[in-house]
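Working notes, structure below.
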Ligand SMILES: [Zn+2]
């Protein structure tokens, strides 16, 4: 099975994984010096570091598959917004702490089940990367789960804000489970897991925790889509302008 | 050992291992890369030395420094032809930290990761198990921040990673 893996499809998929982690990591890094208190400031940036680490691994794997001699740095710093394949939720501005933690919780739960599935990938490097990332994501999830509980069951102000974060973010989550023809190919080759199954696991886990936190899922809203095809919100362009500035202004500069 | 002692620049594996024992984790400078469990293989063939290491955390910014430190240490002892590879397996866990490494961590003021038969994290200063987690992340991604309720000292706990 392994020798028939479609490299082009895998390349595109790895970019989706990498772009999602990088945009999450970059938004978390914006909390540096702005956390609600010192320990939390440190925690947010540490999670950011893990996520940028995951992005780096996936970019490196993608770079190895690329026909043009691309490097991981070039993939991160020299592609434009329309070439990014992350779901829109990961590029949204960081908002307040409740918004960041709700987004983190959604992504941690998603990544937990995603990497659990990818740990069984027929593409061994991907399976290994997923196994490693999963160990870190477990810890992230424990933390974001606790924060949701803490915020929703504490003061009126906190529970109002976390409910608002849920209302604002909920309809960005269906996009996480979108698949395209290339992903279906990879699924058939045993490279990636079943996204339908992934959605079921995510739904039941999230529903249970929302009930526990006494939070109400919104019933209707505008459902985000487009990231997989490179159609993004205006926020991604601004984020990349800042993130890629140095590499664009001083091409090939290194640390 | 001077370069002239090694006129032909051939090293034994034992010599290389002894040089590598001086390479420490830049974030916990009392623990060697061997005791941390990230040094995987050392191959010496003729004048060529190849060292394989594995990363701790995916985003650990110290890996680059460790690679440079290894090259520098070997270079200082006259090794010219060397390669340091970062392997993607085996996957590092805190079970790979040696007993010597755990003891060094404890003496340095960092509580080592809980072993299977331990339930409570004990204070590296006074050994009290009456401790509280203040933050899931400490000064680096691999540590959490704790406080001892007996001696009131805050301390880093090296998290279990498995
Ligand atoms: Zn104490």
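Chains as they are written, first to last, in this note's numbering: chain Z, 109 to 363; chain H, 38 to 199.
In this text, a Cβ means the ideal position worked out from N, Cα and C, and glycines have one as well.
Bear in mind that the values here come from a model prediction, so they are computed numbers and not experimental data.
Those residues that bring their Cβ nearer than 6 Å to a heavy atom of ligand 1 are 160(H), 162(H), 163(H), 165(H), 185(H), 187(H), 188(H) and 190(H). For residue 97(H), a Cβ of chain Z is located within less than 8 Å of the residue's own Cβ. Around the CB of residue 83(H), fewer than 16 other CB atoms lie within 10 Å, so the residue is classed as exposed. In the three-state scheme derived from DSSP, where H, G and I count as helix and E and B as strand, residue 337(Z) is classed as helix. Proximity of residue 49(H) to chain Z, defined by a Cβ-Cβ separation below 8 Å, is not satisfied. Not flagged as an interface residue toward chain Z: residue 141(H), since no C-beta distance is shorter than 8 Å. Counting only Cβ-Cβ distances below 8 Å, residue 151(Z) has contacts in chain H at 172, 173 and 174, in chain order.
Between the segment 119-133 of chain Z and the segment 164-173 of chain Z, the count of C-beta pairs closer than 8 Å reaches three or more; the two stretches touch. A distance of 8 Å or more separates the beta carbons of residue 68(H) and residue 77(H). Contacts between residue 154(Z) and chain H, judged by CB atoms closer than 8 Å, involve 174, 177 and 178 in chain order.
At least one CB atom of chain Z sits nearer than 8 Å to the CB of residue 94(H). Listed by position along chain Z, the residues whose Cβ is nearer than 9 Å to that of residue 128(H) are 236, 239, 240 and 243.
Per DSSP, residue 64(H) lies in no alpha helix (DSSP H) and is assigned neither H nor E. Along the length of the segment 113-143 of chain Z, whole alpha helix (DSSP H) runs at least 4 residues long occupy 115-137, reported in chain order.
Residue state for residue 75(H) is assigned as coil, using DSSP reduced to three classes. Only buried fits residue 135(Z), as 16 or more other CB atoms lie within 10 angstroms of its CB. Positions of the alpha helix (DSSP H) runs, each at least 4 residues long and wholly inside the segment 78-164 of chain H, are given as 99-113 and 136-145 in order along the chain.
Residue ranges of uninterrupted alpha helix (DSSP H) with 4 or more members, entirely inside the segment 244-290 of chain Z and ordered along the chain, are 264-277.
Distance from the CA of residue 175(Z) to the CA of residue 147(H), rounded to the nearest whole angstrom, comes to 47 Å.
With respect to residue 242(Z), residue 235(Z) sits apart: the two C-beta atoms are not nearer than 8 Å. Against chain H, the CB of residue 233(Z) has a partner CB under 8 Å away; the residue lies at that interface. In this structure residue 196(H) is buried. Its beta-carbon is surrounded by 16 or more other beta-carbon atoms within 10 angstroms. Around the Cβ of residue 331(Z), a 10 Å sphere holds fewer than 16 other Cβ atoms; the residue is exposed. Chain-ordered, the chain H residues with CB closer than 8 Å to the CB of residue 162(Z) read 95 and 96. Not a single CB atom of chain Z sits nearer than 8 Å to the CB of residue 111(H). Closer than 8 Å to the CB of residue 147(Z) there is at least one CB belonging to chain H.
For residue 94(H) against residue 141(Z), the beta-carbon gap comes to about 22 Å, at or over 8 Å, which does not count as contact. Beta-carbon to beta-carbon, residue 188(H) and residue 172(H) are separated by about 19 Å, too far to satisfy the 8 Å threshold. Contact residues of the segment 183-194 of chain H toward chain Z are absent (C-beta to C-beta distance below 7 Å). In the structure shown, residue 349(Z) adopts helical secondary structure according to DSSP, grouped into three states. Proximity to residue 145(H) across 181(H), 60(H), 85(H) and 65(H) peaks at 65(H), based on C-alpha coordinates.
Assigned with DSSP and collapsed to three states, residue 300(Z) falls in coil, not helix or strand.
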